[in-house]
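In the working numbering, the protein residues as written are 209 to 640.
One structure is given here, and the rest of the page talks about it.
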């Protein structure tokens with residue numbers, strides 16, 4: 209008979225613990241370790257917001273308003289989850305419209321022909337470009353821009369016109385667009401004159417708007433910093449949220465991403481009164497939602513002992529903040545800076561070759577002034593961009609968030625906060 213197999217070698221080291229005893233010791237020790245940090249009070253409905261690092265001189269260094277902990281625990285106590293009933297959502301007309309793409313109409317393709325029709329006859333245009341009297345204001349602005357566009361794009365046609373060497377008497381042999389191209393080939397330094405005129409009639413008109421738009425953004429940012437309501441509301445929301453998140457991974461947050469996290473205040477609802485809901489269902493009335501966490505924060509701000517403003521004054525301040533945020537969202541400071549830089553470069557390039565043309569002296573001076581103005585406005589835009597970056601850091605904004613999205617988020621929050629103040633928030637439970 210074959211020999212029995214040798215016994216398996218036992219692993220080196222101390223013997224294994226008895227069955228039922230883990231590395232933490234006897235059963236129940238792990239649970240005791242997990243409950244070492246005892247939560248004082250009932251478990252509350254958490255708010256799932258994004259945490260952030262606390263920047264220097266942040267809004268989160270401001271003191272929150274005192275709030276009633278008893279009321280918060282009563283209204284936002286965690287209950288057993290309800291079984292959600294799946295509902296089939298039909299696409300709304302808004303969803304259908306979003307899938308549609310609007311195409312360019314035919315007017316854009318006819319724009320160049322319309323602009324040429326606004327020009328004076330070719331012989332009159334030649335006189336204007338030779339004398340430069342009241343140029344470019346004596347011509348329609350779109351016509352000047354169309355001439356400049358044609359002079360830079362139609363090189364081949366203009367070269368063919370030069371080879372034909374057509375005199376003014378034979379101009380009737382050409383079609384109307386070619387007659388204007390002929391003017392560009394016969395007037396001295398015509399392309400430089402048209403380039404200066406196009407700069408004055410076109411991009412230079414944008415400079416005042418760029419300056420005022422950047423100033424509006426700067427005014428909005430200063431309003432954010434100076435708003436006592438914002439500097440009280442944000443730390444209060446953080447303090448209330450930390451109470452709700454006690455015992456979770458989001459506890460003791462020192463900063464949150466703004467304004468994204470503030471929008472979640474409206475989403476979190478208080479625990480509904482079961483008896484009230486049953487009574488409403490039996491009577492056929494629709495179920496009433498509990499107050500939102502934003503309602504609780506709004507009422508806390510109203511009841512704040514340090515608050516000297518009336519509810520209407522607080523609503524007016526929120527409306528002013530919302531209005532400034534909506535105005536600022538339409539301003540793209542990056543595009544403004546690029547536009548200013550393009551005007552500076554064009555103002556340097558356009559008058560080349562006109563230094564010896566006596567009739568163009570005034571035109572060159574105007575272009576030089578445009579260059580100086582564009583430089584000053586570009587520097588102003590850059591300063592406002594630095595203010596925007598500083599304010600986004602002050603409020604712990606999401607990294608690299610576009611300014612339009614950032615301002616839209618703030619406008620949405622101010623809209624919700626104004627509505628919460630209008631509802632009166634949660635019923636007062638007494639001062640803490």
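Positions of the beta carbon are idealized from the N, C-alpha and C atoms, including for glycine.
Owing to the predicted nature of the structure, the values given are computational and were not obtained by experimental measurement.
Selected residue, minimal CA-CA separation from residue i, among the options
i	options	result
residue 338	366, 393, 363	393
residue 278	508, 257, 542	508
residue 540	592, 565, 432	592
residue 479	330, 431, 282	282
residue 467	522, 248, 260	260
residue 354	418, 325, 428, 377	325
residue 597	563, 430, 624, 413	430
residue 590	379, 421, 558	421
residue 255	588, 454, 600	454
Rounded C-alpha distance that separates residue i from residue j
i	j	result
residue 594	residue 252	41 Å
residue 369	residue 547	34 Å
residue 501	residue 474	6 Å
residue 513	residue 609	36 Å
residue 360	residue 569	23 Å
residue 445	residue 573	57 Å
residue 571	residue 424	32 Å
residue 333	residue 351	11 Å
residue 409	residue 348	9 Å
residue 499	residue 505	11 Å
residue 362	residue 399	12 Å
residue 336	residue 566	15 Å
residue 525	residue 402	50 Å
residue 614	residue 395	52 Å
residue 426	residue 523	22 Å
residue 327	residue 520	57 Å
residue 448	residue 264	22 Å
residue 248	residue 543	53 Å
residue 192	residue 330	Nothing can be reported for residue 192, as the shown portion of the chain is limited to 209 through 640.
Run of the alpha helix (DSSP H) containing residue i, from where it starts to where it stops
i	result
residue 583	569 to 602
residue 450	436 to 452
residue 557	541 to 557
residue 404	398 to 409
residue 367	363 to 372
residue 339	330 to 339
residue 391	384 to 394
DSSP-derived helix/strand/coil call for residue i
i	result
residue 466	coil
residue 477	strand
residue 285	strand
residue 500	strand
residue 347	coil
residue 259	strand
residue 534	helix
residue 252	strand
residue 608	coil
residue 275	coil
residue 565	coil
residue 617	helix
residue 528	helix
residue 455	coil
residue 666	As shown, the chain starts at 209 and ends at 640. That puts residue 666 outside it, with no answer to give.
residue 355	helix
residue 631	helix
residue 325	helix
residue 233	Residue confidence is low: residue 233 scores 47 on pLDDT, short of 50, so the model does not pin down where it sits. Its coordinate-derived value is still stated next. In this structure, residue 233 counts as strand in the three-state DSSP scheme.
residue 513	coil
residue 518	coil
residue 342	coil
Near the ligand SAH: residue i beta-carbon under 7 Å from a heavy atom
i	result
residue 422	Only the bare structure without any ligand can be found here, which leaves the ligand SAH out of the picture.
Within-8 Å CB hit, residue i to chain B
i	result
residue 471	This model lacks chain B altogether; it includes just one protein chain.
For this session: State whether the region 592 to 608 contacts the region 576 to 583, with contact taken as three or more CB pairs (one from each stretch) at a distance under 8 Å.
Result: No, because fewer than three Cβ pairs between the region 592 to 608 and the region 576 to 583 fall closer than 8 Å, the two stretches do not touch.
Exercise. Looking at C-beta atoms only, is the number of pairs between the region 552 to 562 and the region 443 to 462 that lie closer than 8 Å three or more?
Worked result: No, the region 552 to 562 does not touch the region 443 to 462.
Problem set entry | Touching by the beta-carbon criterion (3+ pairs, under 8 Å), the region 519 to 538 and the region 616 to 631 | Touching, per the Cβ criterion.
Exercise. Pairing CB atoms from the region 431 to 443 with CB atoms from the region 372 to 384, are three or more of them under 8 Å?
Worked result: Remark: fewer than three beta-carbon pairs, one from each stretch, lie closer than 8 Å, so the region 431 to 443 and the region 372 to 384 are not flagged as touching.
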